[in-house]
Ligand SMILES: Nc1nc2c(ncn2[C@@H]2O[C@H](COP(=O)(O)OP(=O)(O)OP(=O)(O)O)[C@@H](O)[C@H]2O)c(=O)[nH]1
Ligand SMILES: [Mg+2]
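Here's what the structure looks like:
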């Protein structure tokens with residue numbers, strides 16, 4: 002059983018005074034686009050966000066093939082790593098693909114490939130350039146959650162930190178490009194980026 006976790010508990014400060022997760026991208030809320038794509042390759046879907054986001058996100062996802070479960074941040078604004086840990090705590094599957102809510106071009110076939118690469122390890126994390134794409138990666142849910150907890154206890158908030166505590170597979174640029182295009186990692190932060198991206202759907 003494969004799980005999908007959409008991390009959406011951020012404040013969208015670069016976007017402005019509304020939540021980018023539910024902002025419409027060419028007529029469809031961004032998180033809906035992520036759920037539609039991720040939903041093609043997983044058996045369950047969990048959304049991590051704050052309590053005050055649930056109604057709008059639920060409406061944005063209404064009628065989706067999966068009735069997503071919500072994993073709410075008990076202590077909001079602790080950063081994406083805390084959100085990942087919270088989301089992973091709510092999955093039933095052994096492995097979960099974590100995807101940020103602001104990656105509407107996420108490639109389902111690439112997520113499938115990440116599940117294959119993660120098998121018998123604790124994570125498969127793409128590194129298309131110098132940065133690890135920790136918010137588009139597949140994790141062994143329990144192992145990653147424990148690693149996040151340990152990192153947070155050490156006062157570490159960088160999302161990459163728990164990875165180093167795991168048996169992780171790096172999916173290097175060459176491998177990434179063999180299976181998808183870099184568009185899969187594109188994340189939208191500003192209204193300008195939204196407007197430019199909307200034209201591509
Ligand atoms: N649960 C949770 N998720 C977060 C938090 N901060 C960011 N995220 C999520 O992590 C992903 C990437 O974060 P950003 O692109 O920085 O999003 P953001 O923080 O909402 O936007 P900015 O305020 O403009 O940085 C998005 O899916 C966010 O929803 C947080 O404190 N808690
Ligand atoms: Mg942020």
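Residue numbers (the numbering used here): 2 to 202. Glycine included, every Cβ here is placed at the ideal spot set by N, Cα and C.
Counted as a single uninterrupted DSSP element, the alpha helix (DSSP H) harbouring residue 112 occupies residues 109-119. For residue 7, the uninterrupted beta strand (DSSP E) segment begins and ends at 3-8. Short of 7 Å from the beta carbon of residue 164, and not among the five residues preceding or following it, lie these beta carbons of its own chain, in chain order: 124, 126, 133 and 135. Within its own chain, the residues whose Cβ lies closer than 7 Å to the Cβ of residue 199, once the five positions on either side in sequence are excluded, are 26 and 27, listed in chain order. Taking non-hydrogen atoms of ligand 1 into account, the C-beta of residue 61 is found less than 7 Å away from none of them. Judged by their CB atoms, residue 105 and residue 10 are not nearer to each other than the 8 Å cut-off. In this structure, ligand 2 has a non-hydrogen atom nearer than 7 Å to the beta-carbon of residue 11. DSSP places residue 47 within a strand segment (E or B) once states are collapsed to three.
Taking residue 2 as the centre and dropping the five residues before and after it, the same chain places the C-beta of 44 and 94 closer than 6 Å to its C-beta, in chain order. In the displayed model, residue 128 falls within a strand according to three-state DSSP. Residue 84 counts as buried, since no fewer than 16 other beta carbons sit within 10 angstroms of its beta carbon.
In the three-state scheme derived from DSSP, where H, G and I count as helix and E and B as strand, residue 93 is classed as coil. Using a Cβ distance threshold of 8 Å, residue 190 and residue 38 do not count as a contacting pair.
Per the C-alpha coordinates, the member of 169, 91, 155 and 151 positioned closest to residue 115 is 169.
Within the chosen limit of 7 Å, ligand 1 reaches the beta carbon of residue 81 through at least one heavy atom. When the Cα atoms are used, residue 109 and residue 122 turn out to be separated by approximately 20 Å.
Distance from the Cα of residue 187 is smallest, within the candidate group 47, 153, 17 and 100, for 100.
Beta-bridge partners assigned by DSSP to residue 138: 99.
When DSSP reads this structure, residue 70 sits in a beta bridge with 47. The beta carbon of residue 153 sits closer than 8 Å to those of 79, 82, 83 and 86, all from its chain and outside the five residues before and after it, given in chain order.
In the structure shown, residue 184 falls within a helical segment according to DSSP collapsed to helix, strand and coil.
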